[in-house]
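Note that the working numbering has the sequence shown beginning at 4, numbered continuously upward.
Beneath this line is the structure, given in structure tokens, with notes to follow.
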Amino acid sequence: MKIAILSKGGANYSTRRLKEVARARGHEVRVINYAKCYVSIEKNHPVVRYKGESLDEFDAVIPRIAQSYTKYGTAIVRQFENQGAYATASSIAIVRSRDKLRAYQILAKAGVGIPKTVFARETANFEDVVELAGGTPLIIKVARGTHGNGVVLAETPKAAKAVMQAFYVEGVNFLVQEFVKESAGEDIRALVVGSRVVASVKRQSLDGDFRSNTHQGGEGSAVKLTEEETKTAIKAAKAMGLPICGVDMMRSSNGPLVLEVNSSASLKTPELVTRRDVATKIIEYVERNAKRRNKKDKVGA
Ligand SMILES: Nc1ncnc2c1ncn2[C@@H]1O[C@H](COP(=O)(O)OP(=O)(O)O)[C@@H](O)[C@H]1O
Ligand SMILES: [Mg+2]
4 MKIAILSKGG ANYSTRRLKE VARARGHEVR VINYAKCYVS IEKNHPVVRY KGESLDEFDA
64 VIPRIAQSYT KYGTAIVRQF ENQGAYATAS SIAIVRSRDK LRAYQILAKA GVGIPKTVFA
124 RETANFEDVV ELAGGTPLII KVARGTHGNG VVLAETPKAA KAVMQAFYVE GVNFLVQEFV
184 KESAGEDIRA LVVGSRVVAS VKRQSLDGDF RSNTHQGGEG SAVKLTEEET KTAIKAAKAM
244 GLPICGVDMM RSSNGPLVLE VNSSASLKTP ELVTRRDVAT KIIEYVERNA KRRNKKDKVG
304 A
């Protein structure tokens, strides 16, 4: 099979592992820097160009699109989809997952537990907004943040109002969210492949921060999920249309609450701390699903 890993970082752990495993399993695999791709959009003829060459032969693409490249990256993924390639994360699913508000709406509709979340535009009904989110302390987070940047803990109504006003003035969309204090500084990430959780890690902040992102100095360790957590992760992945993803959850006193679903979750910490071979699971999934899709296309043709 011809597989493209769409990644800006060829030396990145996840990209290296996927490439290594795909190659060992006999596939032709290339790492393509999607940021350097350009496309020509013509009637019935989707072209992707890369360093002066046309790319049009991939059976499957594995998108690993950086948050800051969401728009450009997903346009490139869409072009590969238009060529008939199977994508482990579809362009539409990536776009949905990158917008926290949109993602929470999808998850809530599918019956997945999420923290109480409020979206508002003005401070006119400030008291009501705070009450809906369960009162202070509460979390205010920008709709398109990542790595814990843009997530604020407001301890008092005064602080909450000031933060919201600052965001309004800057024109930044944000969410007001219940602070899940039982889980402060700790969350779990379940890596889902297909309809199974293949590895799960607990991330804990090391410096007393309420944010557990490893980019913020959090540390990861292997964790065993409860049945409810496993079910929640799988349901969240399904709702988001992301068969391969990392589902972040907090352990609240009311069970697991999903924080976000990542379309290009890193394999590094999960593989290193659980010693599970996640990359092989992903490539096996690609083999099963890209083939099926190609067969379907041929039948339909
Ligand atoms: N409602 C919340 N209650 C308690 N902690 C939270 C809440 N929301 C986020 N956090 C903490 O902040 C971290 C970052 O939040 P998250 O929504 O995942 O944003 P990002 O996309 O920036 O990672 C989470 O991993 C979690 O540790
Ligand atoms: Mg996060």
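Cβ coordinates follow ideal geometry from the N, Cα and C atoms, glycine included.
- Residue 197 and residue 39 have their alpha carbons spaced roughly 30 Å apart.
- Look at residue 102: its beta carbon is at least 6 Å from all of the heavy atoms in ligand 2.
- With a cut-off of 8 Å on Cβ pairs, the segment 116 to 132 is in contact with the segment 252 to 265, counting three or more such pairs.
- The set of residues with CB atoms less than 6 Å from any heavy atom of ligand 2 reads, in chain order, 216, 251, 262 and 263.
- One alpha carbon belongs to residue 179, the other to residue 239, and they sit about 21 Å apart.
- With contacts defined as CB atoms closer than 7 Å, residue 214 and residue 204 fail to qualify as a contacting pair.
- Under the Cβ criterion (8 Å, minimum of three pairs), the segment 19 to 27 does not count as touching the segment 44 to 62.
- Residue nearest to residue 138 within the set 146, 183 and 154 is 183 (criterion: CA-CA distance).
- The beta carbon of residue 78 lies closer than 8 Å to those of 42 and 94 in the same chain, with the five residues before and after it left out.
- Separation of residue 11 and residue 272 (C-alpha to C-alpha, rounded to the nearest whole angstrom) is 19 Å.
- Remark: fewer than three beta-carbon pairs, one from each stretch, lie closer than 8 Å, so the segment 62 to 71 and the segment 222 to 229 are not flagged as touching.
- Residue 113 and residue 107 have their alpha carbons spaced roughly 10 Å apart.
- In this structure, residue 90 lies away from residue 243, with their beta-carbon atoms at least 7 Å apart.
- Judged by DSSP secondary structure, residue 24 falls within the alpha helix (DSSP H) whose first and last residues are 16 to 27.
- Short note on residue 210: C-beta not closer than 6 Å to any heavy atom of ligand 1.
- Counting along the chain, residue 76 sits inside the alpha helix (DSSP H) bounded by residues 73 to 85.
- By the Cβ neighbour-count rule, residue 55 is exposed, with fewer than 16 other Cβ atoms within 10 Å of its own.
- From the listed residues 166, 44, 123 and 76, the smallest Cα separation to residue 85 is found for 44.
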